[in-house]
Structures are given as C-alpha cells and as structure tokens.
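A short worksheet on the structure shown next.
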Amino acid sequence: MKILIPLLALVQLSTADASLVGIMDSGTDISHKDLAPKAWLNRNETAGSLVDLDNDGLPGDIHGWDFTENSAKVFNDNHIDLITADVKTFYNYYSLYELGKLNQTSAELVWLKTHTKDEDLMNKVNFVGGYIHGTHVAGVSVLNNPQAKILSMKIIPTPYQELKKTDPNAPKAIPKVTTPETPAKTVEEYTTDVVNSASEQINQMVGLHTYVNFHKVDVVNQSFGIGYGDAVNFIKAGFVDEVKRAPTDVETAAIVKAYFAELFQDGPKMFAAAPNTIFTIAAGNDSSNNDLFPDYPADIQAENKIVVAATLGYKSIADFSNYGATKVDVAAPGVAITSTAPTNVYMALSGTSQATPYVTNIVAAMKDLNPALSARDLKAIVLGTVDVKSWLKGKVKTSGIVNKPRALKAAEFAKSQTVDLAISKARATIADVAVEKSLSLKPSGLTLNFKPLRPSLLIPRK
96 MKILIPLLAL VQLSTADASL VGIMDSGTDI SHKDLAPKAW LNRNETAGSL VDLDNDGLPG
156 DIHGWDFTEN SAKVFNDNHI DLITADVKTF YNYYSLYELG KLNQTSAELV WLKTHTKDED
216 LMNKVNFVGG YIHGTHVAGV SVLNNPQAKI LSMKIIPTPY QELKKTDPNA PKAIPKVTTP
276 ETPAKTVEEY TTDVVNSASE QINQMVGLHT YVNFHKVDVV NQSFGIGYGD AVNFIKAGFV
336 DEVKRAPTDV ETAAIVKAYF AELFQDGPKM FAAAPNTIFT IAAGNDSSNN DLFPDYPADI
396 QAENKIVVAA TLGYKSIADF SNYGATKVDV AAPGVAITST APTNVYMALS GTSQATPYVT
456 NIVAAMKDLN PALSARDLKA IVLGTVDVKS WLKGKVKTSG IVNKPRALKA AEFAKSQTVD
516 LAISKARATI ADVAVEKSLS LKPSGLTLNF KPLRPSLLIP RK
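Each residue of the sequence shown is one higher than the last, beginning at 96 in this note's numbering.
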C-alpha cells in the first residue's frame, strides 16, 4: 500500500456543508443507487487529472482514493460476478441462523451445513464478505442521514484467488532446478522484522489520517483490525518460512508481545494526526476479552476514538463479539444487518464491523444537527446517552448500548447549554430503546463452521 500523503501541515481549500464520513475499508461501490447521492465530491480536484490540484498529495481524488492500487477509482468492480446466487443464499440463511430463527430440522440450516463443506463455495463466500465489506459498512454509516457524505478510502486489498485443487491422477511434473534457499534467520532477526512491520503499519496509518485531517473528515469508520489470534497465526507462519522451523510456544508469545507493544507504543500518533476527527473502531469477532488479549487498533490509547462491540438488537451481546470493560466503549446492533452491496443489491451481514458504522451514523447525524460539536463533545454524547444494560456490565466501559434518538436530542440541547447538561437533560427526556420481541437467541448446540468477517490489515515485511 503506497501512501503519497506528505506528513506535514496541509491547508484545506474549502469547508463542507454536511458531515463528512470516511469509510476506510475494502472500497465503496458509489454507483449503488443509495450511495451515489451520498458520494463526497472534491470540488478542488478534476476527475482524471494527473496533477494534484488541491495539494493533498493525490491527483484527481474526487471521491476518495484507492491506497492499495494508487488510484482514484474507489471500488474494484472486477469481481462482481462472484456475488452469485449461492453466495447471497448463504448470507441470507446465515442471518436467519444468527437471529435464532432456525432449528435443527430447518431446511435452511440443512442447506448451510451441507454447503459449508463445499470448499469452492466457502472460498467465494469468504472473499465476497470482504469484497462487499466497505460498501455494506458505508450504507449503514449514512442510512437515514440525508446530509452525510461519504469519502471512500480503500485500504483493504481485494484480490481473488481461486481454490486450487490437486488431482492425484495428474501427470507428475518434472522436478525443477532450484536455487539455494535463503539462509534461515535467527529468532532475534525475525523478531526485529516483525517489530519493524508494526512500526511500518503505524506510519502507513499516520499517512492515511493526515489525509483525513486535510479533508476535515468528521468521523472515520474503521471496521478492521488485528486480533491476538490473527497475530499468532501470521507470526507462526512467518517464523516457519524465515527461521526454517516451528516456533515454540514461548517464542511465539514473546514475538506477539513485541509486535503489539510496538503498535501500542507508536499507535497514538496515528490518531493525533487527525485530532478533530472521531474514529469508530470494531472491537473484533473472536468472542474474546480485549482487556486480556490485545487487539489493534482497538486497544490504542487515544481520546478521539470509540471502540464498539456488537449486539443482537437491544437484547444481548452477540456471541461472536469481542468485549472489554476497559478497552471497549459501547455496544451497538451488529447481527443480521441489511445494507448496501455492489450491483445495486442489499445483503445482511453480521459482525462488530456492522455495529461500528451504527455508531458512525450517530456521530454524523449529531454533527449535521449541531456542527459546533467538537470531537470530544461527540464522543461524550455517544458514551453518555447509552441504554445501560445489566448484560453489558463488565463487557463494555459504559455498560451500555447506543441510543440514537437520545444522542440526537443531547446534540440539539447542546446548542444552548453545556454538553454535560445536555446529556443529563436528554437522559431525562428520551426513553431507552424498546427490545425487539421477535429476536431470540440461537438454540444451544446449534453451531456452524463459520464466523463473521473483520478484515485484517497487515503490512508485508520487506
């Protein structure tokens, strides 16, 4: 991923009239009928220009930028044919499963159990989940927000690799003449490489956030991350490849610790690069405690970020959601969320990735209602207007799930009084959100070999 943004103070040429929502993800299909009117237009640039007219470091970025391909085209439409009928059926049935609407004899569950064994289909299902991710997140972020505009930043690559199957009856290939293998690295050398990759990760994000700051983006949705398990897996794989043997558990734990330590030490500067922007961040989908098992960027210390867990409506925390009494701020609905997908369709997805834009949506709506609110004010209102739930105590910092009507009322009250007083008055005025009676928990013992996707963002080691 090539970042062209100079890490220096930049001057924006104009101020947007509406809230500006940054979607930092796998690309946004702004040709979708619901998103086309919401696409941000950079009036200081010209489409197709090879010259950077607004001095943001990128030429012709009229709707945003694809940082993975160094292009002004914010969505890669080369793979839309992979959004097949079977893939759509899978996500439709999986949503019913997540909503607790299936039992052991349901035809839909039988279909799911059969098709999760189809490696080719599941390869497509997993790819499509990431491919449509940015478009889906964007739809949730601006739903029912008539003024909000979307600035798309594609930072998740979307290459598709077909599943390669070996035919045991195929002719054996003639052995190739091979060159000597690269010498094995020492554990210390490999650890240094991993730590350097963490530093490079932060430097890349500083560049991205500098772009965010230049364009005065109000809120940026970051439904991606690297969990503890992700780090263990890629560090083990790299160790075998470069040290030429399997790591011990002690070696793995030490390298993972060093990796996250570097991320958390340098990480605050990426949020400091856009101090007037709120960043909403997915907590993760590993059912793990972020207070105990580190997660990036969710666990980075910064005042202008909100970390979000996922819930089944307003009924319970989602079984896949990460949590953390000190590291996760709030919860929001994230199960079977229907939103925009490429080719002008709608699909239902689950994950903290879907809960996060729910919060993004609230922040943008508050900013439209009361443009004078600062990033600090916006965060205070989101956290201060939650519905407190007993089942969220010990799970998120606020013990609560967001309440959009109450947050908007507080934003309105804050036009004429302090934010603290506005929050207090809104809490006394707006009731908790009603719990949907139709929602039910999945029957015990009902499991599938599939979990909601949260894209990872790993910088390859050089």
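For every residue, glycine included, the Cβ atom is placed at its ideal position computed from N, Cα and C.
Shown here, Val289 sits in a helix according to DSSP, grouped into three states. Beta-bridge partners of Asp381 (DSSP): none assigned. Leu407 is positioned such that its CB atom lies closer than 7 Å to that of Val430. Collapsing the DSSP output to three states places Asp482 in a strand. Judged by DSSP in its simplified three-state form, Leu177 adopts helix. DSSP places Tyr441 in the uninterrupted beta strand (DSSP E) bounded by 440-444. Membership of Lys208 in the alpha helix (DSSP H) is indicated by the continuous run 202-210. Pairing Asn165 with Lys249, the inter-Cα distance amounts to about 10 Å. Secondary structure note for Leu503: its alpha helix (DSSP H) is the uninterrupted segment 499-508. Boundaries of the beta strand (DSSP E) harbouring Val425: 425-428, taken from the DSSP string. Remark: three or more beta-carbon pairs, one from each stretch, lie closer than 8 Å, so the stretch 464-479 and the stretch 514-534 are flagged as touching. When DSSP assignments are scanned along the stretch 332-387, the uninterrupted stretches of alpha helix (DSSP H) that are 4 or more residues long and fall wholly within it turn out to be 344-361, 363-367. Just so you know, the alpha carbons of Glu284 and Glu276 end up roughly 17 Å apart. Here the stretch 363-382 lies against the stretch 446-464, with 3 or more beta-carbon pairs under 8 Å apart. Per the C-alpha coordinates, the member of Gly224, Asn150, Ile118 positioned closest to Met442 is Gly224.
In the structure shown, Ala470 adopts helical secondary structure according to DSSP, grouped into three states.
Around the beta-carbon of Asp176, fewer than 16 other beta-carbon atoms lie within 10 Å, marking it exposed. Residue burial is scored here from C-beta neighbours: Ala142 has fewer than 16 other C-beta atoms within 10 angstroms and is therefore classed as exposed. Judged by DSSP secondary structure, Ser494 falls outside any beta strand (DSSP E); it is assigned neither H nor E. Remark: C-beta atoms of Ala436 and Thr123 do not approach each other more closely than 7 Å. At a Cβ-Cβ threshold of 7 Å, Ala279 and Val338 count as neighbours. In terms of CA proximity to Lys410, Ala529 leads the group Ala397, Ala529, Asp288. Taking each of Leu487, Leu534, Ser533, Ala460 in turn and checking the Cα distance to Arg501, the smallest one comes out for Ala460.
Relative to the Cα of Ile457, the nearest Cα in the group Leu487, Val301, Leu503 belongs to Leu503.
By a beta-carbon distance limit of 8 Å, Thr179 contacts Lys219. Their separation comes to about 7 Å.
Between Asp390 and Lys492, the C-beta spacing is not below 7 Å.
For Ala404, the uninterrupted beta strand (DSSP E) run begins and ends at 400-407, by DSSP. Counting C-beta pairs closer than 8 Å gives fewer than three between the stretch 302-310 and the stretch 349-361, which falls short of the contact rule. In this structure, Asn417 keeps its C-beta atom at 7 Å or more from the C-beta atom of Gly446. In the DSSP assignment, the residues bridged to Val314 are Val116, Ile373. For Thr542, the three-state secondary structure derived from DSSP is coil.
The three-state secondary structure of Lys133, taken from DSSP, is helix. For Asp215, the enclosing alpha helix (DSSP H) starts and ends at 214-226. Val116 sits away from Ser247, with the two beta carbons spaced by 7 Å or more. As the crow flies, the alpha-carbon of Asn399 is around 43 Å from that of Glu203.
The beta carbons of Asp381 and Gly419 sit no closer together than 7 Å.
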